[in-house]
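J.: Just so we're aligned: 1260 in my numbering is position 165 of the sequence shown, and the numbers increase by one with no gaps anywhere. Note that the Cβ used here is the ideal one computed from N, Cα and C, for glycine as well.
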Amino acid sequence: MNVNNLSKAASSRWLRKVLRSVKMVFICLLMIFSPVIVWVILSLNRELIVILANWEWLSNALPGLLHTLGEHVNTPEFARGFNEAALGGLLTLFGVIVTVWYYQVIRVQEVTEKRLFIIDELLEELKKNRSIINDLAAGNSESYNQYHDQYSKSIFFTEAWHKLGGDVALLPRRLYLRLSVLYSCLNRCTDGQSYWKNKATIDRINGIISDLHKYRGSLSKTEIA
1096 MNVNNLSKAA SSRWLRKVLR SVKMVFICLL MIFSPVIVWV ILSLNRELIV
1146 ILANWEWLSN ALPGLLHTLG EHVNTPEFAR GFNEAALGGL LTLFGVIVTV
1196 WYYQVIRVQE VTEKRLFIID ELLEELKKNR SIINDLAAGN SESYNQYHDQ
1246 YSKSIFFTEA WHKLGGDVAL LPRRLYLRLS VLYSCLNRCT DGQSYWKNKA
1296 TIDRINGIIS DLHKYRGSLS KTEIA
């Protein structure tokens, strides 16, 4: 059963990776050939205008309008002016596409770098807290009780969590919620006895550290290159 689940998970990851690759290739091709596609559409519209201007039935139905239109459409100046206007619009469109793409790449890079920074800060702090948990589990709570008597605040490290603030929400939602619950319990632990009251939740710290490592490894290195 576990083998089947692992096989399905691997197949799902492979399929997602293939779909992402196909999506990226499609977007790149669309960006490269979008001016050509627009040019073809504009050329078809130009030919459609010429056909309508020379359509005998429309000429009989709207003689004044079609006569004036035909005088301008059936000249080399119309084709040249249309092409120049279309070329100017295409250059503007291509500039907009390149600008949007550039800022999207920069945005992805910034978000990825920020996520890596958040993960590194939290991992460093959680590993310190894990050492404290190991001490408490081993029965060495006296020094932490003295710490509470002296400072009257949490015996665990929570500075990084508070310093990062809302940026932690950049992490996956499920991981963010687990961290929120964990740090809520850590903040309530002002002495060794408080740890035992919240032990069930706090002891999940190893799983959270493992998930942070996995998520860090899943971040694409090409996005921060």
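Could you say if the region 1258 to 1265 and the region 1201 to 1214 meet the contact criterion of at least three C-beta pairs nearer than 8 Å?
T.: Short answer: they touch.
J.: Please list, in chain order, all residues of the same chain as residue 1297 whose beta carbon is under 6 Å from its beta carbon, the five residues on each side excluded.
T.: The answer, listed in chain order, is 1280.
J.: Which residues bound the alpha helix (DSSP H) around residue 1299?
T.: Element bounds for residue 1299: n/a, residue is neither H nor E.
J.: Roughly how many angstroms separate the alpha carbons of residue 1313 and residue 1207, rounded to a whole number?
T.: Residue 1313 and residue 1207: Cα-Cα distance of roughly 11 Å.
J.: Going by other Cβ atoms of all chains shown within 10 Å of its Cβ, with 16 needed for buried, is residue 1305 buried or exposed?
T.: Exposed: under 16 other Cβ atoms inside 10 Å.
J.: Got a sec? Which residues, its chain only, sit under 7 Å from residue 1134 by beta carbon, not counting five neighbours each side?
T.: Same-chain partners within the cutoff: 1181 and 1185.
J.: Of the residues 1284, 1130, 1300 and 1109, which one's Cα is nearest the Cα of residue 1188?
T.: Ranking the options by Cα distance to residue 1188, first place goes to 1130.
J.: Can you tell me whether residue 1268 is buried or exposed? The criterion is at least 16 other CB atoms within 10 Å of its CB, across all chains shown.
T.: Counting Cβ neighbours within 10 Å, residue 1268 comes out exposed, since fewer than 16 surround it.
J.: Output the distance between the C-alpha atoms of residue 1171 and residue 1200, rounded to the nearest integer angstrom.
T.: Near 43 Å, if we compare the C-alpha coordinates of residue 1200 and residue 1171.
J.: State yes or no: is the C-beta of residue 1130 nearer than 7 Å to some heavy atom of the ligand NAP?
T.: Looking for the ligand NAP in the displayed structure turns up nothing, as the structure carries no ligands at all.
J.: With a cut-off of 8 Å on the beta carbons, I'd call residue 1300 and residue 1277 a contact; round off their distance for me.
T.: 6 Å between Cβ atoms; contact.
J.: If you drop the 5 nearest sequence neighbours on each side, which residues of the same chain put their C-beta closer than 7 Å to that of residue 1144?
T.: Contacts found: 1168.
J.: Within 10 angstroms of the Cβ of residue 1109, are there 16 or more other Cβ atoms? Answer buried if so, exposed if not.
T.: Label assigned to residue 1109: exposed.
J.: Measure how close the beta-carbons of residue 1250 and residue 1227 come, nearest whole angstrom, since I'm counting them as under 8 Å.
T.: The Cβ separation is near 7 Å, so the contact holds.
J.: In whole angstroms, what separates the C-alpha of residue 1106 from that of residue 1257?
T.: Rounded to the nearest angstrom, the two C-alpha atoms are 39 Å apart.
J.: Among 1253, 1248 and 1259, whose alpha-carbon lies nearest the alpha-carbon of residue 1286?
T.: Closest by alpha carbon: 1248.
J.: Going by DSSP in three states, residue 1174 sits in which element: helix, strand or coil?
T.: In the structure shown, residue 1174 sits in a helix (DSSP, three-state: H, G or I).
J.: Under three-state DSSP, which class holds residue 1306?
T.: In the structure shown, residue 1306 sits in a helix (DSSP, three-state: H, G or I).
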